[in-house]
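Going by my numbering, the first residue of the sequence shown is number 469, and it counts up by one from there. All C-beta atoms, glycine included, are put in the ideal place defined by N, C-alpha and C. Since we're looking at a predicted model, the values are computed, not measured. Single-structure report; data block below.
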Amino acid sequence: MEQVESSENPFYVKKDYSMSMAKANLYTLLIMVPIIIVLGAVFAALWGFEKTAEEFTSLLDAPGGLLASYGVLIGILIVGTVIHELIHGITWVLAGRKPWSAIKFGFQWRTFTPYTHLQEPLKAGAYRIGTWMPGFITGFLPAFYGILYGSFWLVLLGGLFICAAGGDLLILWSLRGVNKDALVEDHPTRAGCNVLQPIADESDAVKA
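Structure, rendered in structure tokens:
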């Protein structure tokens with residue numbers, strides 16, 4: 469991890485806990501198939517392979533055929549992506565007690581990735597909450613209810629949005645040893661953040 473002195477505050481150094489958008493997208497693709505397989509296996513174990521096959525076939529037999537199903541799915545994914553980014557912003561504002569003006573939404577065309585950027589430092593605990601909530605609300609909850617009530621559509625959508633939150637999950641994993649009260653700065657162009665550590669006592673920011 470890179471460690472540099474903060475130009476904004478000479479009493480802190482920054483430790484880089486970020487990754488490129490391209491790397492975050494790559495990890496998302498790598499975890500997509502295992503997540504869908506696991507969710508499908510759990511659904512089949514609870515509801516039977518016959519119902520699972522019927523639910524999957526119904527996606528192909530939707531009015532208008534396979535193309536229409538893909539069109540609906542793509543539309544849902546686009547709307548869900550917008551909601552995902554809004555949840556990031558709303559949660560950081562509420563958990564970090566920040567003004568809405570501190571939130572910036574954007575799109576990185578080079579990697580075709582939407583993003584939400586918090587322009588003010590906040591505590592790591594609040595940053596984690598804002599990082600976790602989109603995947604929880606748009607991914608884990610729909611998948612859970614889909615498994616609970618036998619809706620393969622919800623399981624599929626939940627699985628896709630869990631995958632979409634793959635970069636967020638990697639960020640949370642990278643921050644697992646950071647004290648919840650440590651200050652962090654959301655990275656403006658990469659996935660993740662910089663942790664601000666007091667120069668006088670860096671050991672307090674990151675736990676051993």
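Per DSSP, Pro666 lies in no alpha helix (DSSP H) segment; the continuous beta strand (DSSP E) that holds it begins and ends at Ala659 to Pro666.
If you keep only unbroken alpha helix (DSSP H) runs of at least 4 residues inside the region 497-529, you get 517-528.
Straight across, the Cα-Cα distance linking Lys483 with Ala650 is about 11 Å.
For Tyr583, the number of other beta carbons within 10 angstroms of its own is at least 16, and it is reported as buried. Counting every other CB atom within 10 Å of its CB across the protein chains shown gives Ala632 a total of 16 or more, marking it as buried.
Nearest Cα to Phe524 within the set Gly539, Ala513 and Gly508: Gly508. Going by beta carbons, Gly593 and Pro610 fall outside the 8 Å limit. The beta carbon of Leu638 is closer than 6 Å to those of Tyr495 in its chain, skipping five residues each way along the sequence.
Sequence-distant partners of Glu553 (beyond 5 residues in either direction) whose C-beta falls short of 8 Å from its own C-beta, in its chain, are Phe573, Pro582, Tyr583, Thr584 and Pro602.
Leu586 and Trp515 have their C-alpha atoms some 42 Å from each other. Cβ atoms of Asn662 and Tyr485 come within 8 Å of each other, at about 7 Å.
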